[in-house]
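Heads up: the structure comes next, in structure tokens.
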Amino acid sequence: MVHLIVGRRSPSPASIPSVRPGPNPEPPYPSTPTNQADRQFRVVYEWNVLDFAYPTEDDRARALYHGAYIPKNVLISDCKPHANRLYVTVPRMLAGVPATLGYFVRPENNGRTDPEIVPFPSWEMNKRGNCSALQFVQGIAIDKYGIMWVVDSGRTETLQRGE
């Protein structure tokens, strides 16, 4: 099971807002935590399988059948909040990772705690083997102007044995 957890260092109960306003709000926090540990951390997202927002169910089925999507090989390595989205990096250390950079809408906006990853900026810009597209995003930063900076090594399947 995959968890994304948010937390703060020892906040007082009165200082815990349900949602922060502004251009770069933080994830929501519980309104009335019951103990100190609950005030520090809570699970915001939880998946049994990390899935992608394929255009159609047929597209998902084809990706599964041809090995373009192997759920057990998908993991999140980095995340950055911006506006109502959480951007995630999904490294292509093994085969079957259909997109290396994506986002999902935060739970207060869609009600889901296991959202599908939407490739960012598009499926085409995450196409494996296209040297003009993202291949292995290792890190991201979003500056105060909303510009995303991306570190992409360009190498995929780095944990596969050589043939």
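Count along the sequence shown starting at 1, add 74, and that's the number in this note's numbering.
Backbone N, C-alpha and C fix where the C-beta goes; we use that ideal spot for every residue, glycine too.
These figures come from a predicted structure and were not determined experimentally.
Check                                                                                                                                      : Outcome
Looking at the unbroken beta strand (DSSP E) that takes in residue 160, where does it start and where does it end?                         : 159 to 163
What separation, rounded to the nearest whole angstrom, lies between the Cα atoms of residue 149 and residue 175?                          : 11 Å
Using three-state DSSP, classify residue 219 as helix, strand or coil.                                                                     : coil
Taking 8 Å as the cut-off, decide whether the C-beta atoms of residue 137 and residue 234 are in contact.                                  : no
Can you tell me which of 187, 160 and 197 puts its alpha carbon nearest to the alpha carbon of residue 134?                                : 197
Tell me which same chain residues have a C-beta within less than 7 Å of the C-beta of residue 153, skipping the five on either side of it? : 78, 160, 161 and 162
Rank 208, 166 and 218 by C-alpha distance to the C-alpha of residue 231 and give the top, closest one.                                     : 166
For a quick check, are the C-beta atoms of residue 188 and residue 120 less than 8 Å apart?                                                : yes
Within 10 Å of its beta-carbon, does residue 215 have 16 or more other beta-carbons around it, so buried, or fewer, so exposed?            : exposed
Note down the Cα distance separating residue 145 from residue 218, rounded to an integer number of angstroms.                              : 34 Å
Could you have a look at residue 114 and say whether DSSP puts it in helix, strand or coil?                                                : helix
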